[in-house]
Amino acid sequence: MRIVGQIAASLASLSRTVDDYSALSKKELIPEKQEKAFERVKNFRTELADYRQHFDRLRKEREEAQSVTNRNELLGRRPHHTATPENPYAQSSLPQSSAFGPSSSRSGLSFGASPADYNRETHALREQSFLASTNTQIDEFLDRGRAVLADLGQQREVLKGTQRRLYSVANTLGVSGDTIRRVERRARQDKWIFWGGVVLFFLFCWAVLHFLR
1 MRIVGQIAAS LASLSRTVDD YSALSKKELI PEKQEKAFER VKNFRTELAD YRQHFDRLRK
61 EREEAQSVTN RNELLGRRPH HTATPENPYA QSSLPQSSAF GPSSSRSGLS FGASPADYNR
121 ETHALREQSF LASTNTQIDE FLDRGRAVLA DLGQQREVLK GTQRRLYSVA NTLGVSGDTI
181 RRVERRARQD KWIFWGGVVL FFLFCWAVLH FLR
């Protein structure tokens, strides 16, 4: 019913818009534009009438279907067999049935279901089967989600172990890097000492040759 109200309100708003456009088209000074505006208003009103006719037909069909559904529900709720007769003394005139004989009233109660009851039971069974299948699918999705979460947890643990190993290797490389840097610094110092000794040796040789000749 809320959708029907929304459609009716939309049609009313569209009708007001067409009326406003028609009023504005009457104020147009240029004849050609005014004629085009009148033609548009005519087309708008035709389309609006078609919309209303279609909407009325759908609403009428919906009301008829709703009335049929309500009537079927009322007929389905009405009891077809009463336990007590309208005349309370009519039961005494009936022959007493034997305890070992067939009971016609009992069979009438057993097989006296109406088509509306059968339709309701069928609908209820379909709804139950649909809900059962939906619950089964939901359980399967939950199981898959749990499996995915478990896999993610295992991958997370593996990544943590790999990260710890990388940190360990990085620390080891850091110590080796410091050692290598110290060795390189010592090698540079030794090189300067060597070249300094070479220079001093050549200076000593030059001094000996210069002063002892």
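The sequence shown maps to residues 1 to 213 in UniProt numbering. Glycine is no exception: its CB is placed at the ideal position from the N, C-alpha and C atoms. Here the structure is a predicted model, which is why all the values come from computation and not from measurement.
Cβ atoms of L58 and V18: under 8 Å apart, would you say?
Against a cut-off of 8 Å, the Cβ pair of L58 and V18 comes out as no contact.
Going by the beta-carbon positions, is the gap between S25 and F38 smaller than 8 Å?
It is a contact, given that the beta carbons lie within the stated cut-off.
Supposed contact pair L11 and F55 - C-beta distance, whole angstroms, cut 8 Å:
So it is a contact: roughly 7 Å between Cβ atoms.
Shortest alpha-carbon distance to G5 belongs to which of A207, T162, R52?
Ranking the options by Cα distance to G5, first place goes to R52.
Helix, strand or coil at F211 according to DSSP, with G and I counted as helix:
It is helical.
Same chain only: Cβ atoms within 8 Å of R40, ignoring 5 sequence neighbours per side:
Closer than 8 Å at Cβ, skipping near neighbours: Y21, S25.
Does DSSP put I7 in a helix, a strand or coil?
Looking at I7 - three-state DSSP - the assignment turns out to be helix.
Simplified DSSP assignment, three categories, for G108
Low confidence applies to G108: its pLDDT is 42, below 50, so where it sits in the model is not reliable, and the reading given next is rough at best. Reduced to three states, the DSSP call for G108 is helix.
Rounded straight-line distance, which links the Cα of R186 to that of V169
Each residue's alpha carbon lies about 25 Å from the other.
Cβ-based burial, C205 [other Cβ within 10 Å; buried from 16]:
Around the beta carbon of C205, fewer than 16 other beta carbons sit within 10 angstroms, so the residue counts as exposed.
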